[in-house]
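Visitor:
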Amino acid sequence: GAVVSQHPSWVICKSGTSVKIECRSLDFQATTMFWYRQFPKQSLMLMATSNEGSKATYEQGVEKDKFLINHASLTLSTLTVTSAHPEDSSFYICSARAATGVADTQYFGPGTRLTVL
Amino acid sequence: GENVEQHPSTLSVQEGDSAVIKCTYSDSASNYFPWYKQELGKGPQLIIDIRSNVGEKKDQRIAVTLNKTAKHFSLHITETQPEDSAVYFCAAKGAGTALIFGKGTTLSVSS
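These protein sequence lines map, in sequence, to chains R and A. In case it helps, the working numbering puts the first sequence at residues 60 to 176. In case it helps, the working numbering puts the second sequence at residues 31 to 141.
Listed below in structure tokens is the structure:
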């Protein structure tokens, strides 16, 4: 149980294009989903927190117009990197927190490696 | 906000030895402390967690201890195996907030 999937697992795009990453909780409903960014050999940096049906809350320094987050249902959140540039290349990881049961527990997806040329 | 410090950054042990990773946190309101294992190119996997009303929790070869007064918690892995080699992250969470992670510990278990 408690499986979170991400799609795609990796993506290569040209500078200036937009990329959408999907995060799904497969066997539970997630009231809250989180998006993290991880550079090589570094820790996870929280980008934003999203609750189903409401606007995402972005961490300081994260451009909300560049990293669009939509949490349309209890099982799906999307992150769109708009007008991507090489400095946006990173490992993006989502996590989901269950609506019921042990509410604190966050389950992570396998991550999406974005490379912007 | 919460700040989590994790030590050591790298840890090398022989197979069968024990490994201990320590973390401290700053926010006394934090009440949930999970540990994650991350293998190369993969997302973090929850391996054990502890809440503020418990001092110790064990799951087979893995245990976590929490000292709320000192605001620190530790991960203990006994009888280490090569497949335990990975990056381990501690994290802390206060009420209504997201997890804040430590910088990670790269554990290498040599056979």
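We put the beta carbon where it would ideally sit given N, CA and C, even for glycine.
In chain order, what residues of the same chain have a beta carbon less than 7 Å from the beta carbon of residue 142(A), not counting five sequence neighbours either side?
Guide: This structure does not reach residue 142(A), given that chain A is present from 31 up to 141, and the question cannot be answered.
Visitor: Using beta carbons (cut-off 8 Å, strictly below), is residue 55(A) in contact with chain R?
Guide: no
Visitor: By DSSP, does residue 57(A) sit in helix, in strand, or in coil?
Guide: Residue 57(A) falls in the coil class under three-state DSSP.
Visitor: Could you compute how far the alpha carbon of residue 118(R) sits from the alpha carbon of residue 141(A)?
Guide: 42 Å
Visitor: Checking the sheet assignment: what are the DSSP bridge partners for residue 68(R)?
Guide: Paired residues: none, contrary to the question.
Visitor: May I ask which residues mark the beginning and end of the beta strand (DSSP E) holding residue 88(A)?
Guide: 86-89
Visitor: Let me check understanding here. Comparing Cα to Cα, which of 33(A), 73(A), 39(A) lies closest to residue 135(A)?
Guide: 39(A)
Visitor: Would a C-beta distance cut-off of 8 Å place residue 58(A) and residue 101(A) closer than the cut-off?
Guide: yes
Visitor: Just tell me which of 84(A), 137(A), 129(A) has its CA closest to the CA of residue 167(R).
Guide: Taking residue 167(R) as reference, the option from 84(A), 137(A), 129(A) with the minimal CA-CA separation is 129(A).
Visitor: For residue 85(A), return the contacting residues in chain R, with the cut-off set at a CB-CB distance below 7 Å.
Guide: Simply none; closest approach about 17 Å.
Visitor: Just the chain R side, please: which residues come within less than 7 Å of residue 62(A) by C-beta, in chain order?
Guide: 163
Visitor: Quick check: residue 84(R) and residue 134(R), are their CB atoms within less than 8 Å of each other?
Guide: yes
Visitor: If you check the beta carbons only, do residue 145(R) and residue 74(R) fall under 8 Å apart?
Guide: yes
Visitor: Taking buried to mean at least 16 other C-beta atoms within 10 Å of its own C-beta, is residue 71(A) buried or exposed?
Guide: exposed
Visitor: In terms of alpha-carbon separation, which member of 164(R), 171(R), 173(R) lies closest to residue 244(R)?
Guide: No statement about residue 244(R) is possible, as the shown extent of chain R runs from 60 to 176 and does not include it.
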